[in-house]
Amino acid sequence: MATIEMIGVRKTFGTTVALDDLHLRVESGELVCLLGPSGCGKTTALRLLAGFEQPDAGRILVDGEDVTRVSPRHRRFGMVFQDYSLFPNLTGRQNIAFGLKIRRKGAAETAATVDRLLAVTRLEKHADKYPHQMSGGQRQRVALARAIATEPRLLLLDEPLSALDAQVREHLRDEIRRLQLEVGVTTVLVTHDQHEAMAVADRVAVMRDGLLEQIDPPRALYSRPASAFVAGFVGTVNRLRAQRAADGSWTVLGAPVEVADGAGRTAVSGTGVGAGSAAASSSSNDAGTQAAAVAHDLDVLPAPRAVVRPEQLQLAPAPAGAAPVARLVALSFLGAFTRAVVEHPTEGLLTADVLGTGADRLRVGDPVTIGVRPGAGAVVLQ
327 MATIEMIGVR
337 KTFGTTVALD
347 DLHLRVESGE
357 LVCLLGPSGC
367 GKTTALRLLA
377 GFEQPDAGRI
387 LVDGEDVTRV
397 SPRHRRFGMV
407 FQDYSLFPNL
417 TGRQNIAFGL
427 KIRRKGAAET
437 AATVDRLLAV
447 TRLEKHADKY
457 PHQMSGGQRQ
467 RVALARAIAT
477 EPRLLLLDEP
487 LSALDAQVRE
497 HLRDEIRRLQ
507 LEVGVTTVLV
517 THDQHEAMAV
527 ADRVAVMRDG
537 LLEQIDPPRA
547 LYSRPASAFV
557 AGFVGTVNRL
567 RAQRAADGSW
577 TVLGAPVEVA
587 DGAGRTAVSG
597 TGVGAGSAAA
607 SSSSNDAGTQ
617 AAAVAHDLDV
627 LPAPRAVVRP
637 EQLQLAPAPA
647 GAAPVARLVA
657 LSFLGAFTRA
667 VVEHPTEGLL
677 TADVLGTGAD
687 RLRVGDPVTI
697 GVRPGAGAVV
707 LQ
């Protein structure tokens with residue numbers, strides 16, 4: 327296991343800036359996902375870590391050792407590519423043993439290591455199959471076993487699940503996490519799939535246009551996004567008009583809400599700091615200063631809109647005889663919850679999640695009331 331650091335890393339391709347002053351630290355034994363849309367720089371960052379590209383500026387450290395100019399073969403990193411890159415003329419067992427033989431490990435040591443990894447990856451029954459005789463999931467596990475057989479200081483995974491169907495991908499996503507925890511190897515995984523990143527990572531680094539927007543544990547990333555981009559990229563969001571009253575309080579859809587700035591600071595009615603903020607345990611003076619900073623940050627936003635997640639909204643059938651507030655246009659049963667699409671007269675189409683049997687009272691085409699759920703947590707303004 328090793329601690330990895332990228333310090334002030336910059337990489338350009340012609341006039342295109344792929345990475346701009348990237349600072350990233352991955353702790354020993356940690357799994358960090360680089361998440362972002364195409365062209366955000368996540369794959370470039372992975373290639374720089376692997377040594378396939380050289381940065382224009384900045385340094386890459388492994389346990390404090392500068393490896394920026396060290397060749398890939400001397401970095402002792404393992405890597406799994408999108409297509410797994412298995413040797414088609416070798417069996418699963420032989421593929422796993424390949425790196426050990428290159429390093430001239432003894433036959434007994436090699437056999438013991440391969441047998442252990444076959445057991446860990448649950449491939450004992452498929453060890454003597456060739457890649458074309460294996461399923462996509464089995465090939466992926468062979469590639470993982472081969473990558474960790476040489477006890478790499480860092481494991482790099484380049485969208486290893488992208489070629490698999492949804493059901494297999496979900497199963498193997500959990501397998502990757504189990505294997506990573508069992509082996510304890512420091513891991514960086516690149517993906518554009520938010521669900522994959524949130525499910526397996528200790529921390530998720532969201533990237534955009536070569537910049538690191540936010541890096542946090544999945545729960546913090548989801549509940550306290552640092553920007554509207556992060557909020558919109560990680561999960562589904564509604565963007566609703568936010569109104570501020572003379573007393574400094576904020577309302578969305580007529581209901582009072584907590585609002586947070588991009589640093590995760592929270593102001594309740596413009597006068598306090600919420601329990602979820604970084605300063606919740608600060609002194610009262612610090613809290614007051616921070617709340618004032620939040621109020622100032624939010625004041626300068628022109629016609630702000632609140633980023634509200636579907637689970638923060640609540641629906642109910644409109645009372646008989648009441649003026650219709652909105653109209654239900656679609657219901658999608660998704661197992662643990664039902665996703666509703668509502669047409670609001672001023673906000674347009676909104677998405678709300680209804681838990682349990684709450685959707686049984688709803689009918690497509692009926693008028694409904696919609697509002698922010700009490701205690702739903704802070705919303706981010708943009």
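For what it's worth, the working numbering labels the leading residue of the sequence shown as 327, then goes sequentially.
The beta-carbon is built from N, C-alpha and C at its ideal position, and this holds for glycine as well.
- Within the same chain, Cβ atoms closer than 8 Å to the Cβ of M460 are found at G418, H452, V468, the five residues on either side in sequence being excluded.
- In the structure shown, M524 falls within a helical segment according to DSSP collapsed to helix, strand and coil.
- Within the region 370-418, the runs of beta strand (DSSP E) at least 3 residues long that lie entirely inside it are, in chain order, 383-388, 403-406.
- L345 counts as buried, since at least 16 other C-beta atoms from the protein chains shown sit within 10 angstroms of its C-beta.
- Between A475 and the set D491, R402, E450, E496, the nearest pair of CA atoms involves R402.
- A direct Cα-Cα distance of roughly 21 Å separates V509 from A434.
- The C-beta of N415 has fewer than 16 other C-beta atoms within 10 Å across all chains shown, which makes the residue exposed.
- T436 is not bridged by DSSP to any residue.
- Counting along the chain, S549 sits inside the alpha helix (DSSP H) bounded by residues 544-549.
- Between the alpha carbons of L547 and I541 lies a distance of about 7 Å.
- DSSP, read as helix, strand or coil, puts A678 in strand.
- Excluding its 5 nearest sequence neighbours in each direction, V578 has C-beta neighbours in its own chain below 6 Å: L566, A568, A632, V698, listed in chain order.
- If you draw a straight line from the Cα of P693 to the Cα of L654, it is about 6 Å long.
- Secondary structure of R565 (DSSP, three-state): strand.
- The closest CA to that of G536, considering only I330, V335, R472, E331, is found on V335.
- Q506 counts as buried, since at least 16 other C-beta atoms from the protein chains shown sit within 10 angstroms of its C-beta.
- The three-state reading of DSSP puts A557 in helix, counting H, G and I together.
- Going by DSSP, H497 is part of no beta strand (DSSP E) but of the alpha helix (DSSP H) stretching over 492-509.
- Here the alpha carbons of E496 and E379 stand approximately 31 Å from one another.
- Under the DSSP assignment, L482 falls in the beta strand (DSSP E) whose first and last residues are 480-484.
- Here DSSP, grouped into helix, strand and coil, assigns R467 to helix.
- When Q408, L657, P630 are compared, the shortest CA-CA separation from L641 is found for L657.
- Buried is the label assigned to P551, since at least 16 other Cβ atoms lie within 10 Å of its Cβ.
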